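Engineer: Per this note's numbering, the very first residue in the first sequence carries number 3; after that it's consecutive.
We put the beta carbon where it would ideally sit given N, CA and C, even for glycine.
As the structure is a computational prediction, the values presented were derived from the model and not from experiment.
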Amino acid sequence: MEIYFELVSDADAVRRACEELSLSEFLGFDTETTELSPFRGDLRLVQLSDGRKTKVFDMKPFRERGSLAENESLAPLRKLLAAESPRKIAHNAKFDARWVKHNLGIDVGGIVDTMLASQLIAAGDTDRRHSLADVSSYFLGVELDKTQQISDWSGELSRDQLEYAARDAVTMIALREKMTERLTHDGLVDVAELEYECVAPVAAMEQNGFFLDRTRWLNQLEGVKISQAKLSDELQDMLSAGVAQASLFGRAELNLDSHAQVADALRNIGVPVSVSTRASELLPLADEYPAVAKLLEYRGFAKSLSSFGENILEFIELKTGRIHSDFRQIGAPSGRFSCSNPNIQQIPHTEEYRRCFRAPDGRKLVVADYSQIELRILAEFSGDENFIRAFQSGADFHATAAAQVFNIKPEDVSAEQRTFAKRLNFGIVYGIGASRFASMTGLKQNDAENLMRRYFATYRKLDAWLRGASQKVLKERISRTASGRMVRHRFDENNREEIGNAQRYAKNIPIQGTSADILKRALRILHDEISQTSTKLVNIVHDEIIVETDETSAPEVAKILESSMLKAAEKYVKNVPVKVDVKISDEWTK
DNA sequence: TAGAATCGCCAC
DNA sequence: AAACGTGGCGATTCTA
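The following block contains the structure:
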């Protein structure tokens with residue numbers, strides 16, 4: 003297929019091209035770059051197409067005259083890209099938005115993202131692929147040749163390369179039309195808009211990065227290494243009695259990281275270990291067997307060294323001195339983000355680690371998180387008056403719940419009763435069963451069952467909602483969040499295990515997913531407040547937002563962050579008070 | 001021997 | 001071990 007396009011490479015052509023395109027409602031949008039990271043290479047091409055007219059803007063001649071962000075000749079392009087209208091349709095728009103932000107200094111406005119749309123339509127089906135080639139094939143029946151994608155975009159460009167670049171932008175127009183039909187049919191228009199609006203904040207966050215203090219991290223690691231070496235030594239001694247080939251030359255070394263070897267050694271010294279050596283299994287044995295306690299202690303340090311060791315320092319970008327993780331906007335079917343390279347959503351909560359992520363000199367972090375947001379969502383969905391009342395009191399939620407469940411005064415709640423209530427409060431969101439609840443609390447199965455009955459008798463509507471969710475899924479085979487996000491459940495109706503799984507997902511997905519909806523809305527509201535300032539979004543962790551700002555504006559930013567998060571929740575949580583805890587800090591600590 | 005599978009554990 | 005949900009990731013062990 004012949005592709006018609008205009009190559010735009012001087013000031014006059016930029017002005018004319020942007021004028022021609024500016025009245026369209028939608029523009030296909032794509033970029034070609036010499037590397038994958040904006041910190042490594044150059045933005046070479048920017049392609050825009052209204053489906054008939056396609057313009058390929060070559061950045062190279064402009065770059066020769068300095069910064070693209072300040073180049074007057076590119077002002078019309080910057081304006082067109084930044085505007086909310088025309089809307090810019092891109093596949094994985096975060097990628098293009100990052101490059102444009104880094105090179106042209108602007109946030110792309112009015113994003114439509116066909117990759118996110120594809121993920122929403124797939125509704126959690128992990129068999130579906132979401133590359134542009136896959137999506138084009140699935141929705142348009144058009145097979146795209148992507149061989150030019152990894153070609154050299156730095157030098158003289160071939161006709162083939164330019165046509166490839168133009169073609170992807172053209173494709174977006176038909177793709178959006180087709181996918182919008184499907185989004186409409188599936189009731190996904192609102193959630194799609196929510197996702198599209200979230201792209202610019204996420205692109206900005208990745209570009210901003212999070213400052214990690216290398217020296218602090220290394221100092222912290224030194225301590226861990228010493229502890230680990232000591233524990234390793236002691237544990238080897240304790241287990242050596244259980245190693246068959248312990249020799250005359252002292253104890254035999256066993257691999258403490260090998261579950262099989264450790265389980266063997268433990269059995270040989272008389273510890274009744276089952277197949278698994280996981281912590282939850284070993285914990286009850288720790289009191290009786292010192293070697294088990296030692297092993298658990300060792301594991302803690304070993305985990306720290308492997309998962310949170312020096313390797314994370316390799317992710318510090320030399321150009322910025324900061325960590326720029328990859329955030330996947332629809333990382334889970336529930337709509338939650340996932341994070342990788344490195345995953346800074348799983349940094350241990352302890353102060354030693356968290357304090358290494360800090361504000362650079364003269365700056366502050368503002369750390370805000372939703373308090374018990376998932377339980378509040380459950381309260382909203384179920385409309386349970388008692389559960390809602392526990393939030394309205396504003397007091398310690400778990401203690402209040404314990405008072406309700408045990409029918410006693412709040413001041414009479416024992417620590418143990420509070421723990422029971424807390425465990426149940428968290429567990430029910432995941433569809434916990436009595437046996438699991440029993441094992442985690444040490445209660446007998448019978449007592450656990452009775453306590454759960456008592457809990458659900460206290461919160462009858464909550465019980466009804468959960469039962470409703472697990473009934474409904476059998477017929478509908480989907481779950482939805484408050485934004486309309488959909489997750490399809492696949493199960494064989496003759497398979498009890500699969501049915502059980504689906505029923506637990508059905509309880510959890512609407513709650514976890516609505517929490518994700520709220521966070522995404524908050525990101526957009528916040529972005530609109532701060533994008534023109536020096537305040538930077540630096541990390542998010544499911545119900546928490548971390549922002550970096552100038553010391554002098556921190557109190558004001560704290561207010562903006564809190565109000566953005568509250569406003570975001572208002573749309574979906576109307577009958578239950580929502581609480582956001584905000585803290586201004588030098589470090590990522592709460 | 002490289003990649004897959006498994007186990008285990010960090011976050012929310 | 002799991003009838004407690006969502007991820008990413010590292011070390012060991014299995015497998016083609």
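Should Y507 be labelled buried (16 or more other beta-carbon atoms within 10 Å of its own) or exposed?
Structural biologist: buried
Engineer: Taking the Cβ atom as the reference point for each residue, do T554 and T537 lie within a distance shorter than 9 Å?
Structural biologist: no
Engineer: With a threshold of 6 Å on Cβ separation, who are the neighbours of I5 within its own chain once the five nearest residues in sequence on each side are excluded?
Structural biologist: E165, A168, R169
Engineer: Output yes or no for whether 9 Å exceeds the beta carbon distance between D588 and D371.
Structural biologist: Contact flag unset, no.
Engineer: Measuring alpha carbon to alpha carbon, tell me which of A92, E72, L185 ends up nearest D486.
Structural biologist: Reading the sequence as shown, one finds Gly at residue 486 and not Asp. The shortest C-alpha separation from G486 is found at L185.
Engineer: For T443, collect the residues of the same chain with a Cβ closer than 8 Å to its Cβ; drop the 5 residues on either side in sequence, then sort them by chain order.
Structural biologist: T421, F422, R425, A450
Engineer: For V277, count neighbouring Cβ atoms within 10 angstroms of its own Cβ and tell me buried if that reaches 16, exposed if not.
Structural biologist: exposed
Engineer: Pull the bridge partners of G333 from the DSSP assignment, please.
Structural biologist: G333 is not bridged to any residue.
Engineer: On the CB-based measure, 16 or more other CB atoms within 10 Å of its CB, does D386 come out buried or exposed?
Structural biologist: Buried: at least 16 other Cβ atoms inside 10 Å.
Engineer: Which residue or residues does DSSP assign as beta-bridge partners of E550?
Structural biologist: L367, K538
Engineer: Judging by CA-CA distance, which residue of A125, S481, R46, P412 is the nearest neighbour of D98?
Structural biologist: R46
Engineer: Counting beta carbon pairs with one atom in the stretch 174-184 and one in the stretch 25-35, are three or more of them shorter than 8 Å?
Structural biologist: yes
Engineer: Give me, in chain order, the residues of the same chain whose beta-carbon lies closer than 8 Å to that of V16; leave out the 5 immediate sequence neighbours on both sides.
Structural biologist: V10, F59, S75, L76, P78, L79
Engineer: Do D109 and K96 come within 9 Å of each other at the CB atom, strictly closer than that value?
Structural biologist: no
Engineer: Quick check: the Cα distance between T279 and R438, rounded to an integer number of angstroms?
Structural biologist: 18 Å
Engineer: For V10, write down the residues that DSSP places opposite it in a beta bridge.
Structural biologist: F59
Engineer: Run through the DSSP bridge pairs and tell me what S481 is partnered with.
Structural biologist: V489
Engineer: Which residues in the same chain as Q419 place their Cβ atom closer than 6 Å to its Cβ, once the five residues preceding and following it in sequence are excluded?
Structural biologist: A404, F408
Engineer: Residues in its own chain within less than 7 Å of A85 by CB, not counting five upstream and five downstream?
Structural biologist: G111, G112
Engineer: Using C-beta distances below 8 Å, list every residue in its chain close to Q151, excluding the 5 sequence neighbours before and after it, in chain order.
Structural biologist: For Q151, where only same-chain residues beyond five positions count, the Cβ hits under 8 Å are Y166.
Engineer: If you follow the beta strand (DSSP E) that F31 is in, where does it begin and where does it stop?
Structural biologist: The continuous beta strand (DSSP E) containing F31 extends over residues 28-35.
Engineer: Between D215 and C341, which are expected to be in contact by the criterion C-beta below 8 Å, what is the C-beta distance as a whole number of angstroms?
Structural biologist: Not confirmed; about 20 Å, so no contact.
Engineer: Mind the definition here: the stretch 315-324 touches the stretch 295-302 only if three or more C-beta pairs lie below 8 Å; say whether that holds.
Structural biologist: no
Engineer: Have a look at G126 and F428 and give me their C-alpha separation to the nearest angstrom.
Structural biologist: Using only the alpha carbons, I get a separation of about 24 Å.
Engineer: So, with DSSP's three-state summary, where would you put I511?
Structural biologist: helix
Engineer: Leaving out five residues on either side along the sequence, give the residues of the same chain with a beta carbon under 6 Å from the beta carbon of I511.
Structural biologist: S336, S481, V489
Engineer: Please work out which residues of its chain come closer than 7 Å, Cβ to Cβ, to Y574, disregarding the five sequence neighbours upstream and downstream, and give them in chain order.
Structural biologist: A484, T516, D519, I520
Engineer: Answer yes if the stretch 139-159 comes into contact with the stretch 37-51, meaning at least three C-beta pairs across the two stretches below 8 Å, and no otherwise.
Structural biologist: yes
Engineer: In terms of residue numbering, what span does the alpha helix (DSSP H) encompassing A95 cover?
Structural biologist: 95-106
Engineer: If V2 and I513 are in contact, beta carbons under 8 Å, what's the gap, nearest whole angstrom?
Structural biologist: Residue numbering for the chain in the displayed model covers 3 to 592; residue 2 lies beyond these limits and cannot be assessed.
Engineer: Ordered along the chain, which non-local residues of its own chain (more than five positions away) have a Cβ less than 6 Å from that of M207?
Structural biologist: Beyond the five residues adjoining it in sequence on each side, M207 comes within less than 6 Å, by CB distance, of L539 in the same chain, given in chain order.
Engineer: Given a cut-off of 9 Å, decide if L307 and K227 are closer than it, judged by their beta-carbon atoms.
Structural biologist: yes
Engineer: Are K180 and L134 touching if we call contact CB-CB under 9 Å?
Structural biologist: no
Engineer: Does the Cβ-Cβ distance between G542 and F329 come in under 9 Å?
Structural biologist: It is worth fixing the name first, because residue 542 is Ile in this sequence and not Gly. Yes, Cβ-Cβ distance for I542 and F329 is below 9 Å.
Engineer: Using the Cβ count rule (16 or more neighbours within 10 Å means buried), how would you classify N257?
Structural biologist: exposed
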